[in-house]
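Have a look at the structure below before the remarks.
Number of protein chains: 4
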Amino acid sequence: MIVVMSSGATPEQVEHVIERLHEAGFREQVSTGEERTVIGVIGTGITPELGERLEMLPGVERTHRISKPYKLASRDFKPVDTTVQVRDLAIGGDEFVVMAGPCSVETREQVLETAHRAKAAGARVLRGGAYKPRTSPYSFQGLGEQGLEFLSEAREVTGLPIITEVLDPGDVELVARHTDILQLGTRNMQNFPLLRAVGAEQKPVLLKRGMAATIEEWLMAAEYILHAGNPNVILCERGIRTFETAARNTLDLSAVPIVKRLSHLPVIADPSHGTGKWYLVPSMALAAAAVGADGLLIEVHPNPDAALSDGPQSLNLDNFDALMGELRKITEAVGRTLSDGRVASSPAGR
Amino acid sequence: MIVVMSSGATPEQVEHVIERLHEAGFREQVSTGEERTVIGVIGTGITPELGERLEMLPGVERTHRISKPYKLASRDFKPVDTTVQVRDLAIGGDEFVVMAGPCSVETREQVLETAHRAKAAGARVLRGGAYKPRTSPYSFQGLGEQGLEFLSEAREVTGLPIITEVLDPGDVELVARHTDILQLGTRNMQNFPLLRAVGAEQKPVLLKRGMAATIEEWLMAAEYILHAGNPNVILCERGIRTFETAARNTLDLSAVPIVKRLSHLPVIADPSHGTGKWYLVPSMALAAAAVGADGLLIEVHPNPDAALSDGPQSLNLDNFDALMGELRKITEAVGRTLSDGRVASSPAGR
Amino acid sequence: MIVVMSSGATPEQVEHVIERLHEAGFREQVSTGEERTVIGVIGTGITPELGERLEMLPGVERTHRISKPYKLASRDFKPVDTTVQVRDLAIGGDEFVVMAGPCSVETREQVLETAHRAKAAGARVLRGGAYKPRTSPYSFQGLGEQGLEFLSEAREVTGLPIITEVLDPGDVELVARHTDILQLGTRNMQNFPLLRAVGAEQKPVLLKRGMAATIEEWLMAAEYILHAGNPNVILCERGIRTFETAARNTLDLSAVPIVKRLSHLPVIADPSHGTGKWYLVPSMALAAAAVGADGLLIEVHPNPDAALSDGPQSLNLDNFDALMGELRKITEAVGRTLSDGRVASSPAGR
Amino acid sequence: MIVVMSSGATPEQVEHVIERLHEAGFREQVSTGEERTVIGVIGTGITPELGERLEMLPGVERTHRISKPYKLASRDFKPVDTTVQVRDLAIGGDEFVVMAGPCSVETREQVLETAHRAKAAGARVLRGGAYKPRTSPYSFQGLGEQGLEFLSEAREVTGLPIITEVLDPGDVELVARHTDILQLGTRNMQNFPLLRAVGAEQKPVLLKRGMAATIEEWLMAAEYILHAGNPNVILCERGIRTFETAARNTLDLSAVPIVKRLSHLPVIADPSHGTGKWYLVPSMALAAAAVGADGLLIEVHPNPDAALSDGPQSLNLDNFDALMGELRKITEAVGRTLSDGRVASSPAGR
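Chains as they are written, first to last, in this note's numbering: chain A, 31 to 380; chain B, 31 to 380; chain C, 31 to 380; chain D, 31 to 380.
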């Protein structure tokens with residue numbers, strides 16, 4: 031950490047900062063420039079709070095953190111890529127993994143039809159929401175446990191592992207019993223009790239970026255899960271909130287190479303929530319594959335026109351089929367494989 | 031709701047939209063302009079999802095919602111201002127209410143000293159965090175239940191009602207037993223299980239605006255609480271995230287008059303989190319009083335230089351005293367009262 | 031245009047709005063819903079100001095524009111894609127066009143070396159700044175006319191057409207004499223005198239998106255140029271300003287398919303300014319090709335480590351070579367051609 | 031400047047950075063921490079480009095600038111407040127200065143009526159646009175020179191100095207002949223030819239903050255004008271662009287105390303453009319006075335309902351009168367004076 035003194039700081043103020051550093055167990059290196067004095071803080075265990083406290087001292091203009099605030103999530107800590115194993119599927123390896131399905135689980139038929147068709151098109155994981163975070167209390171809130179059962183049944187018959195969202199720390203155990211991947215939504219990226227609860231499981235966790243979260247905060251949220259003992263974290267870029275209103279969010283594809291540089295964790299993209307418009311999904315899906323993402327989370331619906339939630343961002347099954355064909359050319363161009371639906375997962379016994 | 035057809039929409043596509051409206055129980059009014067056709071949707075119970083579904087139909091360019099998505103929070107629904115009663119204190123009335131205290135409860139002495147001094151300066155509510163949402167798992171996470179006990183003791187001896195944050199739906203009952211106001215933080219504005227849990231209580235709830243939440247989403251979050259049965263909602267503007275990094279957040283003071291126009295709920299401002307810099311707190315506090323806020327939430331610390339969290343945005347007790355003096359001139363100028371610390375609350379027996 | 035009356039609007043207020051519409055030469059269609067009255071405005075020539083004026087009238091809550099504010103730039107007006115001809119090169123057609131070169135023209139040697147190498151790698155246009163918009167008055171401001179001459183010489187010897195930025199309406203004539211494409215930078219997207227000045231030329235104009243401009247405002251800026259008589263507009267997405275600071279800007283690739291849907295104009299992407307980090311340029315360049323852009327604007331420098339401006343976002347010539355190889359696989363995957371450097375432009379006589 | 035090496039940087043890479051520093055005439059101070067090496071750069075003339083170039087070197091993770099990029103605008107350079115003299119009026123002193131008038135000059139009568147009424151209510155400067163930056167080419171673009179003449183006439187008869195916007199470097203001389211303050215709009219904050227042109231005059235310049243400009247960029251824009259030789263710069267906060275759409279912009283009042291801390295220049299606020307809604311103007315005007323601004327720029331129109339531009343954000347003359355009354359209480363509370371319209375400026379002979 032670097033402490034920048036203001037240009038008019040007195041020697042006493044510099045001394046006061048140094049005393050505080052000594053009290054806290056650190057050493058200092060003072061550099062007296064022509065305009066101002068800079069103090070380097072030396073030692074281990076420099077917490078985020080240290081800078082905040084130093085900025086309160088008289089004569090301190092600001093501090094700069096030198097080391098990253100996350101450790102376990104950092105590529106410095108673990109240089110090789112992490113692959114997260116979901117049954118017989120590896121996420122973060124050579125295969126580009128598409129997770130597809132309806133935003134909300136609505137009926138048994140809807141889930142089963144989508145699962146069969148998505149699998150045939152090359153999807154490797156079935157997504158579907160049973161507990162839905164909805165902006166309005168008057169909106170459909172999800173089928174809850176019954177939705178989990180429909181998903182489980184779809185897994186039995188198709189062999190596709192499933193991913194579903196959990197909203198409440200009190201539901202983590204129940205949802206983890208049913209699902210293969212626990213999804214944490216954008217509004218819960220900094221729901222710390224929930225992060226700790228999924229960190230106490232060993233089930234893979236897909237952690238969506240908060241819609242106003244910096245990449246550093248996102249990696250800090252991953253750090254919570256890793257620190258709680260669960261190493262199986264998959265990151266998911268799903269669009270950030272900006273001033274532009276032509277799409278629902280701005281899908282920040284640069285986050286993918288940035289995260290790959292800073293962290294060893296796999297990262298996928300969600301072009302459905304990232305754009306909010308079905309007609310933007312295919313092109314952004316191709317771009318995500320080209321940019322280096324490890325996979326996609328896509329909303330597919332047998333009849334999106336009637337979907338109980340998020341219809342406008344869902345592809346219908348024919349569009350999804352067509353997209354998978356296009357996507358295969360891109361994944362090939364970047365040297366990755368994409369299932370063609372015939373290389374099925376092995377039957378998924380529990 | 032208005033459905034705008036694209037300029038090349040066919041009569042069949044218009045017809046298809048109308049059929050869907052009839053199926054859903056609505057009537058239509060078609061207006062054929064020179065460039066495009068617009069369909070007005072008539073009827074009650076127009077849900078947010080209706081627009082999403084209609085936007086999936088061929089030939090539909092977009093939809094515009096005409097009515098507001100919230101009802102109970104709306105001034106159309108309740109034209110007169112709501113005042114929220116906290117023991118013998120009314121929030122949202124003539125009195126400008128200052129809630130002050132440390133970001134985190136650290137020790138019994140810290141809380142008691144701050145409570146006495148804050149009360150003497152004119153604060154009417156004691157704030158303090160026992161459960162802290164911290165960006166880093168390596169940061170101090172709060173004293174938990176012991177913190178609640180220190181706060182309760184401070185209330186006993188000063189008569190100041192207390193406000194403290196709750197993070198987990200599973201903690202609501204415990205926290206509600208101790209506190210006078212349940213605080214929902216910016217990261218939890220769309221934590222729907224938590225909104226429902228505090229909505230099931232009758233204790234006043236202070237709902238902070240999400241750092242990337244629109245005012246409409248904020249009022250929708252209030253609607254969740256109101257809809258769950260708790261009418262005692264106080265809104266709190268605490269800064270939004272923008273591109274500017276000179277302050278920690280951008281305190282959006284225009285949110286105060288906007289909310290006052292749209293809703294009947296009281297609204298206060300938090301200049302401490304809203305700026306993240308102690309030296310910006312006094313001027314933004316004065317501005318909040320001038321703009322029409324019903325009160326302030328301010329971080330005050332006996333020794334901010336050593337605070338375990340959020341030091342840089344805390345005032346020390348002398349600065350707080352001085353601020354209250356300045357503030358009194360502004361509240362007078364806008365025709366509101368501000369306690370001078372002598373008009374104490376009555377002893378707070380439970 | 032739709033005028034939404036507030037829920038308590040009186041019949042007199044509705045009547046007053048209608049009178050104003052009649053005065054302005056429009057007709058109305060009134061729809062009286064259960065909650066509020068909505069007035070549709072019928073007629074041609076609905077200006078942006080009309081809505082602003084109507085929103086001043088008592089009882090009016092807000093207005094919604096139905097038609098787009100731009101015409102000439104709109105796909106409704108011209109359904110087929112526009113290709114912009116730059117000498118023998120067509121931008122917006124089957125070929126994916128890469129424009130490459132240094133941010134600033136520094137020396138004759140630098141420009142010539144970059145031009146030869148960029149051409150050999152497959153670049154089809156040479157970029158280079160002679161007039162530089164610099165945040166600081168203490169930064170290098172460009173070589174001015176001498177820079178234009180170096181660029182012209184590079185065109186003579188390589189046959190590559192050139193693109194360079196113009197900042198001042200008073201310089202348009204001079205710059206247009208030298209360059210093949212006039213570049214308007216992000217800070218000048220709403221420099222209306224400059225838009226009019228380049229609109230008075232017939233030289234192609236590359237119009238960068240303002241860093242805080244909505245897509246609609248960007249198309250309105252294009253409309254200024256088209257309306258002034260110059261149909262040769264190429265749009266360029268170059269990143270928007272968001273809260274994220276890990277990259278210099280957030281390159282909004284979804285803008286490409288959105289613009290393609292709304293407008294007939296060609297659109298390219300600038301991953302160099304869009305990220306500000308050379309190590310993010312290749313992956314974002316691939317993503318731009320996959321998402322459907324018509325080309326790229328890339329900073330390449332023979333020795334970026336010593337570049338007088340924008341070094342960190344420049345590729346060196348070897349990296350550029352490697353990128354072009356990767357890019358060729360993606361453009362092939364999406365069915366477009368990319369020059370391999372052998373299919374040279376014909377000698378560029380003036 | 032601090033150069034942070036990446037955690038795996040080699041001694042050769044550190045040495046390479048140091049060589050480059052020596053070549054550029056700087057000295058270094060190397061600090062080898064437990065995780066990484068940090069190099070302090072010592073010397074004068076550290077340009078913004080130096081950091082950019084160093085970030086290109088192998089093994090460099092990032093750089094932190096220690097000193098501010100602006101000098102003349104900085105409070106370090108000039109600790110006492112600057113007051114800008116406009117005829118007999120001092121901006122930035124004890125008096126809180128209200129500049130009022132129509133967005134666009136439309137007719138002679140409109141300007142004269144507004145000038146008389148605004149002056150009587152206590153306005154000290156007359157504003158009015160003759161050259162208008164309009165988003166649409168189909169909108170009213172201003173009366174040009176004739177507008178300047180109407181403004182001049184209004185000055186003659188009322189004695190109020192005038193402020194009007196200039197858009198084109200080629201118009202600066204003409205506009206400066208008529209006006210007392212040259213206004214640079216939000217879209218031109220980084221129009222560098224225009225900054226240089228107004229910097230070559232001695233007429234006071236009101237420099238609006240760019241709608242997506244950081245405070246540092248704003249001060250850098252002021253630096254351009256100061257560096258070109260014109261010391262008479264007044265800053266104006268006019269709202270920034272954020273995700274919130276309830277108001278047209280988010281008026282960032284915290285910018286006022288931040289600028290006051292960083293710079294000696296006077297700063298005023300524009301609540302009319304800052305909100306875009308007339309009903310938000312009065313409360314935000316009061317807040318601006320409370321926060322410490324040196325004055326206001328307010329749109330007032332005799333008949334805003336018919337204004338040719340920006341009607342919705344204009345107050346009518348009665349509302350303006352009422353606002354001035356409220357404002358007087360706030361300026362008194364913060365210890366400043368506000369004209370009551372009787373202390374007229376002396377006749378303004380030229």
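Backbone N, C-alpha and C define an ideal beta-carbon position, used for all residues, glycine too. All of these numbers come straight from a predicted model, not from anything done at the bench.
| Asked | Found |
| --- | --- |
| Chain B within 8 Å of P109 (chain D), Cβ atoms only | no |
| Close-in-space but distant-in-sequence residues of the same chain around R380 (chain D) (CB under 8 Å, 5 per side omitted) | Interpretation of R380 (chain D) is limited by its pLDDT of 35, a score under 50 that renders its predicted location unreliable; no figure is taken from the coordinates. |
| Residue interval of the alpha helix (DSSP H) (run including Q43 (chain B)) | P41 to E53 |
| Per DSSP, cross-strand counterpart(s) of K238 (chain C) | C:C266 |
| Interface residues of chain B facing T74 (chain C) [CB-CB closer than 9 Å] | E64 and E65 |
| Range of the contiguous beta strand (DSSP E) that encloses E91 (chain C) | V90 to H94 |
| Chain A contact residues for V289 (chain D), given Cβ-Cβ distances below 8 Å | Chain A residues near V289 (chain D): none, gap ~16 Å exceeds 8 Å. |
| V364 (chain D), DSSP secondary structure in three states | coil |
| Spatial distance of F170 (chain D) from E79 (chain C) (CA atoms) | 9 Å |
| Environment of V385 (chain B) [buried if 16+ CB atoms lie within 10 Å] | Given that chain B is displayed from residue 31 to residue 380, the structure contains no residue 385 (chain B) and the question cannot be resolved. |
| Cβ neighbour criterion (16 or more within 10 Å) applied to E175 (chain D) | exposed |
| Members of the segment 306 to 331 of chain A that neighbour chain C once the beta carbon cut-off is set at 8 Å | Y309, L310, S313, M314, L316, A317, A318, A319, A320, V321 and G322 |
| Three-way DSSP call (helix, strand, coil) for R381 (chain C) in this model | Lying outside 31 to 380, the shown extent of chain C, residue 381 (chain C) is not represented and no answer is given. |
| Contact with chain D by A363 (chain B), beta-carbon distance below 8 Å | yes |
| Span of the alpha helix (DSSP H), counted from its first residue to its last, around S182 (chain D) | E175 to T188 |
| Three-way DSSP call (helix, strand, coil) for A378 (chain A) in this model | Bear in mind that a pLDDT of 42 at A378 (chain A), under 50, signals an unreliable position, so the number given afterwards is only what the model happens to contain. Residue state, collapsed to three classes: coil. |
| Residue environment, E64 (chain A), which counts as buried when at least 16 other CB atoms sit within 10 Å | exposed |
| Contact set between the segment 226 to 247 of chain C and chain D, restricted to residues whose Cβ is under 7 Å from the partner | M241, A242 and E247 |
| Cutoff 8 Å: G38 (chain B) Cβ touching any chain A Cβ | no |
| Rounded separation between W248 (chain A) and E42 (chain B) - CA only | 47 Å |
| Extent of the continuous alpha helix (DSSP H) run through G304 (chain D) | P301 to T305 |
| Backbone secondary structure at V202 (chain C) - three-state DSSP | helix |
| Inter-residue Cα distance where the pair is H46 (chain B) and A277 (chain A) | 25 Å |
| From A:L347, A:T361 and A:M354, residue whose alpha carbon lies closest to that of G131 (chain A) | A:L347 |
| Alpha carbon of S134 (chain B) to alpha carbon of G172 (chain B), nearest angstrom | 6 Å |
| Short CB-CB distance (under 8 Å) between S284 (chain A) and chain C | yes |
| Sheet register partners of R157 (chain C) (DSSP bridge) | C:I193 |
| For L156 (chain A), the nearest candidate out of A:Q115, A:T137 and A:V128 (CA to CA) | A:V128 |
| Pick from A:G371, A:F350 and A:A320 that is closest to E362 (chain A), judged by C-alpha positions | A:A320 |
| For I328 (chain B) and A386 (chain B), the rounded distance between their alpha carbons | Residue 386 (chain B) is absent from the structure shown; chain B starts at 31 and stops at 380. |
| Straight-line gap, L326 (chain A) to G371 (chain A) (C-alpha atoms, nearest Å) | 16 Å |
| Under 7 Å (Cβ pairs) to chain D, residues found in the segment 261 to 274 of chain A | R271, T272 and F273 |
| Distance CB(I7 (chain A))-CB(I264 (chain A)) smaller than 8 Å | Because chain A in this structure spans residues 31 to 380, residue 7 (chain A) falls outside the shown range and cannot be described. |
| Any 3 or more C-beta pairs closer than 8 Å across the segment 302 to 317 of chain D and the segment 91 to 104 of chain D | no |
| Collapsed DSSP secondary structure at I76 (chain A) in the structure displayed | coil |
| Whether S194 (chain B) touches V202 (chain B) by CB criterion (8 Å) | In the sequence as presented, Ser is not what sits at residue 194 (chain B); that position holds Thr. No, the Cβ-Cβ distance between T194 (chain B) and V202 (chain B) is not below 8 Å. |
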